[in-house]
Each structure stands twice: as C-alpha cells, then as structure tokens.
C-alpha cells in the first residue's frame, strides 16, 4: 500500500482550533467481517487489533469526567469487540447518546444473535453504510450477497422500530461517491434513497449522510497507483469553501484509537497524526482526565480539504446540504466508496 501522508503533510489549509468537546469517536478495533477497497481504516477479517477492557473503562471514565454528550463507536466492525455491549450499556446508563457505525451485514454474522434487538433496547442510534440502493452496484463494490444481507439487516432494524419517527430509534444511512468525485447534493440524494428503498424493499430510514472519499489508506493508495492522486487533490482544493470551516467535526470531536491514543479526527488517526493536547506529543485518554482539550490547535494536512470541499463532509454527512457539491470525477482511478 502506498503511504499518502508524505503527499499530504505540506499544506496551506487554514489553521483552526477546537471548541468544547461534545463527541468522543472511539475505534474499538480494525477487525471487520468485510474487506473493502475503499475502507480508509484498511479493516478486514484478518486484522487483530482490538480495544481491551482497561481502555474501555478509561473511555467511560472520560465520558463522565468531561461530560461528553455523544459516544460514536466505529471500527472495523465495532460490534466484533467482545466488550461492545458492556460499553454501550454503561455509556447509556450515564445518559450518553451512543452511535453505532454498523455495516449491516454484521447483524447476520455468527455469534451476533440478538444484536439488533440489543441496539433497540439500549436506544442506540444506528448509522449504517449502504453505498447504493441497487443490488448490482453494492455487490460489485462490497462482494456478492452483501446487498441482500444489508437489506435483511435494515428490515430487522425497521421491524424493531428503527426509522419510525414515532419510535425515536434513529437509523441513518451513509453514501460515498463511486470513486474520485464529490458527492451529489445530499438532500436530493436522500430523497432518491428514501423513494427507491421504500418502493422496492419497504425500507424506511431517517437521514442520509453523504461523505467525501478521503485520499488516505486504501483509497489514497489506489489513487496513487492509478496516477490520479494529484488530480483528486486538485479537485478537493479547487472546491474548498471557507464557510465549511466553522462546522468541521474536529472542532467538537476527538478520535480515539484501539490503544486509547487521541487524535483530532478519524482520518488523522489513520495517518498517525496525534492531537496536540497540553504539550503531549502522543496524548492518551488518561490525559483527557487532566487536561481540557478546548482551544487546542487542530493538526491539519492537505486531506482536510476533503472535509471543506463543496457541501462539506463530516461523520454526520454534509456540512451544508443546500450547497451543490456536484463535480466531475477524476479520470483514470478505480471506483470505490468509503463506509
């Protein structure tokens, strides 16, 4: 795999500082039941990295000490961590909003019996990757049978009340472009998803999050291999909108890796760019117990243009859904989507 940090480190991206901490995004491990080309974490069934119980306990301690409102669980497949359900229960007992970034096929994996019911019982917000609403596109990108299993997972969640406005169980879907282009306007795409999934499969959901593919890890390496990395960066930089700076996720979020080390965002985590916290070059969760991250400078590199291009992009979708983000794709690069 080609390293992309050397291509991103020199940047003129504007300096930014964080506000108060609202969200702790925790990567519970890189093990996943899928292995997707576009995955910016390079997760797969062969990965063995997994957060241990001591670090899980630190996560809970920080949630309480910093009065963090949201715990955003990611991976890999976060549900494969053996401490996943314990963490969810204890975070919910603290009154913390919990988001599970679910790939949907995990709901039918051996050993995951009752997972959907557990999520509903705990009132967990599910944010699920579904790169398209047609079987052929999804299976071509993620493997044979993935679309069918994803629809089965969505039906499980719908049967439990997810996507029903009257039940309060939030189900969001995630879209990424099919390659090196910006997402189309999120509002229009959401309307298309809602219409097609309801018409053909009876599926309901709350919101669609349209995310930009980041030029890092597998996706960035593919761009390098195809000779398209520079063209994609030109697209991102050329689509920069200063209005998006105020809403980028790193302003109020910290990302935590499976060992408990802290980063400004999930993308910086994958690039090994640790957060700058009270002079610590490799801050850890335990440092958050002693130091408030508010006001700290955020580490930036050229990939940050991916979050500010067009309608903007964050883990919660477009920063400005009303802004058009349509742009031509970069020629000569493989297609793919990041979940």
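Residue numbers (our numbering): 1 to 339.
All C-beta atoms in this analysis are idealised placements derived from N, C-alpha and C, irrespective of residue type, glycine included.
- Taking residue 173 as the centre and dropping the five residues before and after it, the same chain places the C-beta of 128, 130, 205, 208 closer than 6 Å to its C-beta, in chain order.
- Residue 33 places its beta carbon 7 Å or farther from that of residue 99.
- As computed with DSSP, residue 74 is found in a beta bridge with 27.
- Of the other Cβ atoms in all chains shown, 16 or more fall within 10 Å of the Cβ of residue 74; this residue is therefore buried.
- Leaving aside the five residues that flank residue 304 on each side, the residues in its chain whose CB is nearer than 6 Å to its CB run, in chain order, 13.
- For residue 206, there is no enclosing beta strand (DSSP E), as DSSP gives it neither H nor E.
- Between the alpha carbons of residue 210 and residue 320 lies a gap of roughly 11 Å.
- Relative to the Cα of residue 214, the nearest Cα in the group 203, 233, 200 belongs to 233.
- A direct Cα-Cα distance of roughly 23 Å separates residue 235 from residue 269.
- In the same chain as residue 58, and ignoring 5 residues on each side of it, the C-beta atoms closer than 7 Å to its own belong to 260, 285, 286, in chain order.
- Ranking 237, 240, 267 by CA distance to the CA of residue 250 puts 267 first.
- The segment 103-117 makes contact with the segment 146-165; the number of CB pairs closer than 8 Å reaches 3 or more.
- Annotation for residue 174: the continuous beta strand (DSSP E) segment containing it runs 171-175.
- Residue 87 and residue 41 have their C-alpha atoms spaced approximately 22 Å apart.
- DSSP, reduced to helix, strand and coil, places residue 224 within a helical segment of the structure shown.
- Counted as a single uninterrupted DSSP element, the stretch harbouring residue 128 is not any alpha helix (DSSP H) but the beta strand (DSSP E) occupying residues 125-129.
- By a beta-carbon distance limit of 8 Å, residue 256 contacts residue 27. Their separation comes to about 7 Å.
- Under the 10 Å beta carbon count, residue 179 is surrounded by 16 or more other beta carbons and is classified as buried.
- Assignment of beta-bridge partners to residue 50 by DSSP yields 29.
- In the three-state reduction of the DSSP assignment, residue 88 falls in the helix class, which pools H, G and I.
- Segment contact: the segment 156-165 against the segment 179-198, fewer than three CB-CB distances shorter than 8 Å; contact not assigned.
- As far as DSSP is concerned, residue 195 takes part in no beta bridge.
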